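Trainee: Quick one: the structure is below, and I'll ask about it shortly.
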Amino acid sequence: MSAAPAIQLRGVGVDYGRKTALADLDLTVERGETLALLGPSGSGKSTALKAVAGFVRPSRGRVLLEGRDVTDLPPHQRGIGVVVQNYALFPHMSVAANVGFGLRARRAPRAEIRERVAEVLDLVGMSAFADRSPRQLSGGQQQRVAIARALAIRPAVLLLDEPLSALDAALREEMVGELLRLRAELPDTTIVHVTHDQSEALALAHRIAVMRDARLVDVGPAREMYRTPRTEFTAAFLGAANLLPVEVVEVDGEGGATVRLGDAIMRARVSGELDGRRRAVLGVRPQRVGVHAEGTGGLPARLLAAQWRGEVFRLDLRLDGAAHSGQEVRVRAEVASIEGLPPVGGRVALTVPDGCPLIADASPEEET
Amino acid sequence: MLVWTRTSRSVLVVLFVVVFGVIVVAPLAVIGLAAVAASWRGVLPGGLTGAHLAAATGGDALASALVSVQTALIASAGSVLLGGWAAFALHGSRGRIRRLADGLLHLPMAVPSVVVGLGLLVAFSHPPLLLNGTRWIVLIAHLVLVLPFSYSTVSAALERADPDIALVAACLGASPARVLLTVRLPLALPALAASAGLALALSMGELGATIMLYPPDWRTLPVGIFAQSDRGALFAASASTVVLLGLTLVGLLALNSVRTRAAER
Ligand SMILES: Nc1ncnc2c1ncn2[C@@H]1O[C@H](COP(=O)(O)OP(=O)(O)OP(=O)(O)O)[C@@H](O)[C@H]1O
Ligand SMILES: [Mg+2]
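Protein chains in written order, with my numbering: chain A, 499 to 866; chain B, 34 to 298.
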């Protein structure tokens with residue numbers, strides 16, 4: 499057993515012609531770890547996976563698997579399991595033949611292939627479909643077969659490129675559960691899971707890496723990234739839809755701070771480097787914003803829109819006389835009930851709880 | 034359908050049937066009838082006979098038919114191999130070389146067959162490349178004329194194919210040769226069969242270049258038909274045409290069954 503990390507990317511860059519799809523990515527994934535690569539469309543997530551799998555040759559940098567430099571090795575000599583977005587099952591082979599493909603390519607004995615195929619099909623709950631053609635399977639079933647096919651070769655590293663994005667919401671929930679169960683059964687398998695769904699990333703990953711414009715902007719343990727995002731981008735990407743401009747009143751030594759938003763003073767957790775700046779943003783999840791009838795204290799605001807979303811009402815609000823340089827501040831809130839609130843266009847009072855993450859403002863500090 | 038009202042739709046259908054009937058079905062029907070007509074002076078043939086068809090399936094005519102079948106089989110096999118290989122080899126490449134190769138491979142499609150015939154005649158009439166007067170020059174002409182169709186059929190299919198499939202196969206440990214044999218070729222089989230069918234049909238009907246090039250011992254069926262109709266032997270020509278159609282149809286049906294079987298898996 500080597501102690502080297504399962505995957506190491508050292509300054510890996512990928513250019514397509516003049517376009518940089520991946521810029522100097524440094525990333526290490528430990529053995530048995532699940533890393534979620536999160537980021538908007540076109541941010542280079544798939545490209546990063548392709549560099550690991552050997553589908554693209556990096557223009558710069560080195561790729562190491564378990565300490566071994568594989569940068570110049572073609573994909574078929576890397577032994578990595580890959581599940582792509584559209585599954586790419588071999589349509590001219592049965593499910594069992596699909597799953598056994600990797601073992602046949604390795605010239606494993608027939609009996610062993612049969613045994614292993616049965617084993618992994620069982621693992622993903624697809625034993626009953628061994629003789630079907632991929633065309634006769636639903637999206638979720640195809641996905642399971644694609645995972646079984648990747649697992650059949652007992653890869654040390656499993657790369658999942660948005661494996662759930664083609665599924666409907668209910669099935670996706672179910673498959674997240676399946677993946678969790680699978681991961682528990684394969685504790686030594688290193689998984690890199692590309693997604694642009696934050697809840698998927700939070701549910702599955704030990705660590706989350708956030709990408710933007712071909713760059714890695716943030717990486718850290720999933721919980722920490724969620725609770726104390728270091729950048730506005732990460733905060734926004736991990737569900738803190740509201741980034742409210744606040745004034746830093748005081749920073750204590752234990753990661754806490756006092757901030758002022760309009761006339762309200764509240765406590766916050768410092769999560770990015772503030773560097774002594776007085777302006778920062780407070781990341782507030784829509785569920786945590788309190789919306790009350792006017793005159794109950796809190797920040798005065800106007801209700802711009804209300805949408806019923808079944809479980810919750812989603813409210814769009816605008817803060818009055820907001821703190822930040824004449825800029826209009828919009829707030830999104832999710833509340834269980836709108837009883838007692840005025841109709842759209844009416845005035846309300848907002849409350850923001852203590853303990854929200856305080857993030858350094860990305861915009862340059864104005865000279866005052 | 035882009036047309037919604039019932040009347041306008043019926044008008045379109047009637048129009049289509051009339052046009053299609055007049056320019057496609059009617060000539061074929063007339064040829065079918067003429068092939069078995071004893072004489073034809075009025076609106077319909079005066080009496081039926083099997084003599085023309087008998088003549089068209091024996092003697093010289095039979096020899097021509099065999100020549101046509103061999104030519105078409107060789108030309109389509111050659112063009113599927115060559116065109117398919119070119120399509121696979123060029124697949125995934127981009128840039129100037131790709132555009133140049135694409136252009137060259139499509140060139141014969143744009144050049145009239147008479148020009149191809151004349152070109153080959155001029156090019157291969159002198160040693161060391163003296164092919165004029167041999168069957169080879171006919172085969173080459175057919176190959177040149179059908180190659181672009183094979184190439185573009187296979188190449189279009191490869192463009193449409195999911196690129197991830199071959200990559201995943203490689204990731205599972207299959208060498209490039211193995212990926213080609215067990216994944217890429219089987220997936221391209223329907224397109225290869227379609228391109229063979231197209232090449233076969235085109236070659237069976239080729240006249241423009243063949244008539245400039247054929248040696249006496251390698252006369253294809255269309256050349257024979259042309260000669261017959263030139264002589265005024267229209268019934269005989271019709272009978273030969275029916276044979277030509279029949280042979281082409283058999284070939285296409287055979288290839289089509291390959292295609293459907295490949296596509297069904
Ligand atoms: N084969 C290619 N040729 C040229 N440009 C490419 C190619 N593949 C990707 N790109 C570009 O590289 C950038 C990163 O692409 P990539 O596929 O890695 O994004 P992604 O983060 O996976 O996005 P998505 O969430 O949409 O899958 C994009 O701007 C894309 O246009
Ligand atoms: Mg992608």
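Even glycine gets a Cβ: it sits at the ideal position worked out from N, Cα and C. Please read these numbers as outputs of a predicted model, since none were measured by experiment.
From this set, A:Ser-663, A:Glu-683, A:Pro-719 and A:Met-673, which residue's C-alpha is nearest Val-692 of chain A's C-alpha?
Mentor: Answer by Cα proximity: A:Ser-663.
Trainee: For Leu-240 of chain B versus Phe-259 of chain B, is the C-beta distance shorter than 8 Å?
Mentor: Cβ distance < 8 Å, so Leu-240 of chain B and Phe-259 of chain B count as in contact.
Trainee: Return the residues of the segment 201-212 of chain B that lie within a Cβ-Cβ distance of less than 9 Å from chain A, sorted by chain order.
Mentor: Per Cβ criterion, the list reads Val-201, Ala-202, Ala-203, Cys-204, Leu-205, Gly-206, Ala-207, Ser-208, Pro-209, Arg-211 and Val-212.
Trainee: Since I believe Val-708 of chain A is in contact with Phe-735 of chain A (beta carbons under 8 Å), could you give me their beta-carbon distance rounded to a whole number of angstroms?
Mentor: So it is a contact: roughly 6 Å between Cβ atoms.
Trainee: Take Thr-518 of chain A and list the residues in its own chain whose beta-carbon comes closer than 6 Å to its own, dropping the five residues that flank it on each side.
Mentor: The residues are Ala-712.
Trainee: What alpha helix (DSSP H) runs, 4 residues minimum, are completely inside the segment 161-248 of chain B?
Mentor: You should have 168-193, 196-204, 209-212, 218-238 and 243-246.
Trainee: Is the shortest distance between the beta-carbon of Val-113 of chain B and the beta-carbons of chain A less than 8 Å?
Mentor: Closer than 8 Å: no.
Trainee: Is Thr-866 of chain A helix, strand or coil by DSSP?
Mentor: Residue placement at Thr-866 of chain A is flagged as unreliable, the pLDDT there being 37, under the threshold of 50; the coordinate-derived value follows with that caveat. The answer is coil: DSSP assigns Thr-866 of chain A none of H, G, I, E or B.
Trainee: Buried or exposed: where does Gln-575 of chain A fall if 16 or more other Cβ atoms within 10 Å of its Cβ makes it buried?
Mentor: By the 10 Å Cβ count, Gln-575 of chain A comes out exposed.
Trainee: Which residues in chain A have a C-beta closer than 7 Å to the C-beta of Val-291 of chain B? List them in chain order.
Mentor: Ordered by position in chain A, no residue passes the 7 Å Cβ test against Val-291 of chain B, which lies about 14 Å from the chain.
Trainee: Would you say the segment 505-512 of chain A touches the segment 543-561 of chain A, given that touching needs at least three Cβ pairs under 8 Å?
Mentor: The segment 505-512 of chain A vs the segment 543-561 of chain A: in contact.
Trainee: DSSP puts Met-764 of chain A in a beta bridge; with which residues?
Mentor: A:Val-757, per the DSSP bridge assignment.
Trainee: Of all the CB atoms in chain B, is at least one closer than 8 Å to the CB of His-590 of chain A?
Mentor: For His-590 of chain A, the answer is yes, since a Cβ of chain B falls inside 8 Å of its Cβ.
Trainee: With DSSP collapsed to three states, give me the class of Ser-72 of chain B.
Mentor: Looking at Ser-72 of chain B - three-state DSSP - the assignment turns out to be coil, as it is neither helix nor strand.
Trainee: Going by alpha carbons, who is nearest to Arg-721 of chain A out of A:Glu-748, A:Ala-626, A:Ala-703 and A:Phe-811?
Mentor: The shortest C-alpha separation from Arg-721 of chain A is found at A:Ala-703.
Trainee: What residues match up with His-790 of chain A in a beta bridge as DSSP calls it?
Mentor: For His-790 of chain A, which the question treats as bridged, DSSP gives the partners A:Ala-847.
Trainee: Can you tell me whether Ser-539 of chain A sits near ligand 1, meaning its C-beta is under 7 Å from at least one heavy atom of the ligand?
Mentor: Yes.
Trainee: May I ask you to list the residues that DSSP assigns as paired with Phe-259 of chain B?
Mentor: In the DSSP output, where bridge partners are listed per residue, Phe-259 of chain B has none listed.
Trainee: Using a Cβ cut-off of 9 Å, which residues of the segment 601-617 of chain A contact any Cβ in chain D, in chain order?
Mentor: Of the protein chains in this structure, namely A and B, none is chain D.
Trainee: If you follow the alpha helix (DSSP H) that Ile-611 of chain A is part of, which residue opens it and which one closes it?
Mentor: Ile-611 of chain A -> alpha helix (DSSP H) spans 608-621.
Trainee: Counting contacts by CB-CB distance shorter than 8 Å, is Ala-551 of chain A in contact with chain B?
Mentor: Ala-551 of chain A counts as touching chain B.
Trainee: Note down, one range per segment and in chain order, each alpha helix (DSSP H) of at least 4 residues found wholly within the segment 636-698 of chain A.
Mentor: You should have 637-650 and 667-683.
Trainee: Name the two residues that bound the continuous beta strand (DSSP E) containing Val-708 of chain A.
Mentor: That run of the beta strand (DSSP E) goes 705-710.
Trainee: In chain A, what lies closer than 9 Å to Pro-219 of chain B by C-beta?
Mentor: By Cβ distance, chain A contributes Phe-588, His-590 and Met-591.
Trainee: Using a Cβ cut-off of 7 Å, pull out every chain A residue sitting near Ile-198 of chain B, in sequence order please.
Mentor: Correct list: Ala-586 and Phe-588.
Trainee: Quick check: what's the CA-CA separation for Glu-864 of chain A versus Ala-799 of chain A?
Mentor: Note on Glu-864 of chain A: pLDDT 44, under 50, position unreliable in the model; no value is reported.
Trainee: Could you list which residues in chain B have their beta carbon closer than 9 Å to that of His-574 of chain A, in chain order?
Mentor: Result: Ala-202, Ala-203, Cys-204, Leu-205, Gly-206, Ala-207, Ser-208, Pro-209, Arg-211 and Val-212.
Trainee: Check whether chain B comes within 8 Å of Arg-776 of chain A, counting only Cβ atoms and requiring the distance to be less than that.
Mentor: So, not an interface residue.
Trainee: Considering only C-alpha positions, which residue in the set A:Ala-762, A:Ala-648 and A:Val-810 is nearest to Glu-745 of chain A?
Mentor: That would be A:Ala-762, whose Cα lies nearest to the Cα of Glu-745 of chain A.
Trainee: May I ask you to verify whether the segment 210-220 of chain B touches the segment 137-144 of chain B, counting CB pairs closer than 8 Å and requiring at least 3?
Mentor: Judged by Cβ distances under 8 Å, the segment 210-220 of chain B makes no contact with the segment 137-144 of chain B, as fewer than three pairs qualify.
Trainee: How about Asp-695 of chain A: is its Cβ closer than 7 Å to a heavy atom in ligand 2?
Mentor: Asp-695 of chain A: no, Cβ never under 7 Å from ligand 2.
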